[in-house]
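One structure is given below, encoded as structure tokens.
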Amino acid sequence: MTLTEFYTTSTVPVLAFIFVATYVAYVRYIHNRLCCYLPGPNPIPFLGNVHQLPMEYQERSILEWGKTYGQSYSICDILRMLNASALGNIIYARFFQTHTIMINSPEIAQDLLEKRSANYSDRPHMVLQGELMGWSKMLTHAHYGDRFRKLRKWTHDAFMSKAALRTYRPIQERETYILLSGLVDSPNEFVSHFTRFTAATLAEIAYGHTVTSLDDKYIHLADRAASETVEAGSPGSMLVDFIPILQYYPTWLPGSGWKRNALRIRELGVAMNDTPYNMVKDKMAEGRAKPSFVSSLLEKFYRDGNLTSEDEEDIKCAAGVLYGAGTETTANVFTAFILAMTMYPDVFRKAQAEIDRVIGPDRLPDFDDRESLPYLECIIREVYRWHPPTPLGIPHCSMRDDEYNGRVIPGQSLIIANMWGMMREPENFPNPEEFCPERFAERNWSKSESYYDPRNIVFGFGRRQCPAQNFADSNVYFVLAHIIATMDISKARDEHGNEISPEHSSKSGFVHHILPFKSVIQPRSPKIAQLIAQLRAASPA
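So in numbering that gives the first Met the number 0, spot 218 of the sequence shown is number 217, and the numbers just go up one at a time.
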């Protein structure tokens with residue numbers, strides 16, 4: 000055999016092997032790309048899809064991604080068309096090296112976050128809010144485990160039982176009368192009155208502290224800590240969350256303003272937790288503490304004689320998250336209601352007619368009247384749908400690899416439930432930008448329909464669902480019923496007497512704050528104004 004023949008006979012099998020191996024690798028790559036992961040935008044090296052997701056109104060882009068990429072199916076999907084129809088509502092993207100699953104369907108959210116909650120109840124590692132701002136120990140941000148279950152049980156016991164909720168009714172009634180009095184005296188400050196109401200009810204329940212004015216120092220602390228946390232960036236959306244080494248960026252270098260701001264917010268959060276907690280401890284030592292969430296937990300630990308510094312930190316965090324997080328969201332719902340009633344006066348008149356027919360002129364609505372006010376119930380659902388206060392919620396995290404409709408969901412994936420997008424689906428909510436309570440009047444809320452009940456969406460999913468949702472929802476009902484019963488809401492007029500028609504617009508962020516608008520709020524009659532003044536004066540402090 001010549002040297003040439005040797006190389007020829009040896010090279011052919013080697014080249015054939017390389018060709019086959021390359022082909023197999025290529026086919027496997029294509030299979031993994033098209034079949035294993037869910038559909039989504041094509042990533043680029045290193046960045047993934049970061050460059051394609053805008054910093055503002057991300058919920059809108061995520062919904063559009065579902066429409067765009069959910070229509071492009073691979074050969075594998077065509078072979079299993081029974082599953083392919085659902086893929087437009089769940090999409091995959093990669094932000095740097097973080098796998099991210101975005102859900103636009105409440106049914107898929109229920110499938111994963113409710114039915115498979117054992118795998119989807121964790122939180123991702125959020126450097127900005129968790130580590131730098133200090134929210135990692137809060138119930139909302141805590142990793143799933145024993146400590147999370149302990150904090151959630153405390154909150155669940157305080158807010159989920161009907162007996163506990165009934166004990167809060169006197170507080171809700173008193174603060175509602177104060178709210179109505181504020182709307183009579185300074186109607187243009189309705190946003191401040193709503194913030195005060197939510198903070199006051201939660202301050203009383205969490206700490207036994209009665210708020211007497213808008214200048215209350217505890218309200219001021221909670222408002223600053225919560226609002227500045229929200230304005231500093233959505234959870235998981237800032238660059239440091241995807242490149243964690245940036246958390247060590249020196250604060251003295253140029254471009255470190257974001258970190259200095261985060262550390263300043265951390266100090267606000269510590270003050271928000273520590274100040275009212277220490278107030279309760281001091282009052283308990285003096286024997287003049289009112290019953291509260293914090294005092295009841297402290298009494299239990301005192302009886303057992305084993306209160307540790309770790310227990311104290313947990314109590315602070317459990318109470319602080321109720322007080323700090325609850326004010327932003329509930330006040331936002333109230334503001335959305337005022338905007339909707341200003342924009343859609345026919346809806347407001349119809350709601351007033353129902354209140355007048357059911358309640359009558361001789362009294363105000365009570366908690367037990369709720370089942371007799373079906374149109375108001377439709378309005379509440381529509382407010383939740385039309386303006387969900389936290390469009391994307393707080394991301395979940397998958398704890399291990401999973402499969403959905405034949406597609407892989409990698410472990411440690413960021414799971415984003417697009418609550419805003421879920422309630423903009425035209426098939427279930429025609430003309431989604433229109434405020435239309437009637438859309439809920441004909442629905443019987445069967446098991447399949449219940450996925451689309453906004454109350455089963457806006458409070459989150461699975462074991463991360465808001466444990467105080469029944470209390471928050473009862474606040475919404477009671478305040479809205481009383482505003483409808485006692486107030487007239489109409490459009491403001493300009494200097495020429497022309498009506499000013501506000502628009503439904505909001506500031507992008509973790510909480511969607513409605514942009515300032517004008518509305519005329521006034522008592523329905525002098526008799527109503529006098530009744531509000533009497534109720535306010537008779538309310539126990």
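Even glycine gets a Cβ: it sits at the ideal position worked out from N, Cα and C.
Where does Leu-78 sit, in a helix, a strand or coil, going by DSSP? For the purposes of this step, residue 78 is taken as the residue at position 79 of the sequence shown. Only weak support exists for where Leu-78 lies, its pLDDT of 41 falling under 50; the coordinates are left without a value.
Counting Cβ pairs closer than 8 Å, one from the region 205-217 and one from the region 289-306, do we hit at least three? The region 205-217 vs the region 289-306: in contact.
From what residue to what residue does the beta strand (DSSP E) around Tyr-91 run? Taking the sequence shown and counting its residues from 1, the one referred to as residue 91 is at position 92. That run of the beta strand (DSSP E) goes 89-94.
Count the C-beta pairs between the region 390-404 and the region 353-366 that are closer than 8 Å, then say yes if the count reaches three, no if not. Counting Cβ pairs under 8 Å, fewer than three are found: no touch.
Could you check how far apart the C-beta atoms of Ile-415 and Met-54 are, in whole angstroms? I think they sit under 8 Å. As a position in the sequence shown, residue 415 is number 416, starting the count at 1. As a position in the sequence shown, residue 54 is number 55, starting the count at 1. Contact between Ile-415 and Met-54 is ruled out by a C-beta separation of about 15 Å, above the 8 Å threshold.
With H, G and I counted as helix, E and B as strand and the rest as coil, what does DSSP make of Gln-464? The residue labelled residue 464 in the question sits at position 465 within the sequence shown. Looking at Gln-464 - three-state DSSP - the assignment turns out to be coil, as it is neither helix nor strand.
At what residues does the alpha helix (DSSP H) containing Ala-543 begin and finish? Any property of residue 543 remains undetermined from this structure, which presents the chain solely from 0 to 540.
Lys-136 versus Pro-515: straight-line alpha-carbon distance, rounded: Along the sequence shown, read from residue 1 onward, the residue named residue 136 stands at position 137. Along the sequence shown, read from residue 1 onward, the residue named residue 515 stands at position 516. Spanning the two alpha carbons is a distance of roughly 33 Å.
What is the rounded straight-line gap between the Cα of Ala-324 and the Cα of Lys-289? The sequence position of residue 324 within the sequence shown is 325, counting from 1. The sequence position of residue 289 within the sequence shown is 290, counting from 1. Each residue's alpha carbon lies about 23 Å from the other.
Below 8 Å on the Cβ atoms is my guess for Arg-122 versus Cys-396; work out the distance and round it to an integer in Å. Taking the sequence shown and counting its residues from 1, the one referred to as residue 122 is at position 123. Taking the sequence shown and counting its residues from 1, the one referred to as residue 396 is at position 397. 6 Å between Cβ atoms; contact.
Between Ser-505 and Ile-499, is the Cβ-Cβ spacing less than 8 Å? One-based indexing of the sequence shown puts residue 505 at position 506. One-based indexing of the sequence shown puts residue 499 at position 500. Taking 8 Å as the Cβ cut-off, Ser-505 and Ile-499 do not qualify as a contacting pair.
Cβ pair count under 8 Å reaching 3, the region 460-471 against the region 368-377: Judged by Cβ distances under 8 Å, the region 460-471 makes no contact with the region 368-377, as fewer than three pairs qualify.
Indicate the three-state DSSP secondary structure (helix, strand or coil) for Leu-413 in the structure shown. Translated into positions along the sequence shown, residue 413 becomes position 414. Leu-413 falls in the strand class under three-state DSSP.
Going straight from the alpha carbon of Leu-220 to that of Ala-318, what length do you get? Taking the first residue of the sequence shown as 1, we reach residue 220 at position 221. Taking the first residue of the sequence shown as 1, we reach residue 318 at position 319. So the two alpha carbons sit approximately 14 Å from each other.
Where Trp-251 falls, given that 16 or more other Cβ within 10 Å makes a residue buried: Position 252 of the sequence shown, counting from 1, holds the residue named residue 251. That one is exposed.
Cβ atoms of Leu-201 and Tyr-322: under 8 Å apart, would you say? The residue labelled residue 322 in the question sits at position 323 within the sequence shown. The residue labelled residue 201 in the question sits at position 202 within the sequence shown. If you check the CB distance, Tyr-322 and Leu-201 come in under 8 Å.
Can the beta-carbon of Pro-453 be found closer than 8 Å to that of Phe-158? What you label residue 453 is simply residue 454 of the sequence shown in a count that begins at 1. What you label residue 158 is simply residue 159 of the sequence shown in a count that begins at 1. With respect to Phe-158, Pro-453 sits apart: the two C-beta atoms are not nearer than 8 Å.
Report the CB separation of Met-132 from Ile-244 in whole angstroms; it is logged as a contact under 8 Å. Counted from its first residue, the sequence shown places residue 132 at position 133. Counted from its first residue, the sequence shown places residue 244 at position 245. In fact, because the Cβ distance is near 18 Å, the residues do not count as touching under 8 Å.
Going by C-alpha to C-alpha distance, which of Tyr-247, Leu-127, Arg-369 and Glu-298 sits closest to Ala-261? In the sequence shown, the residue the question calls residue 261 occupies position 262. Comparing Cα positions, the closest option is Leu-127.
Express the C-alpha separation of Leu-267 and Tyr-451 in angstroms, rounding to a whole number. Here residue 451 refers to the residue found at position 452 of the sequence shown. Here residue 267 refers to the residue found at position 268 of the sequence shown. Their Cα atoms are separated by approximately 38 Å.
I'd like to check one pair, Lys-517 with Pro-501: are the Cβ atoms closer than 8 Å? Locating residue 501 in the sequence shown gives position 502, where the first residue counts as 1. Locating residue 517 in the sequence shown gives position 518, where the first residue counts as 1. Using a Cβ distance threshold of 8 Å, Pro-501 and Lys-517 count as a contacting pair.
With contact counted as at least three CB pairs below 8 Å, one residue from each stretch, are the region 425-442 and the region 378-395 in contact? Yes, they touch.
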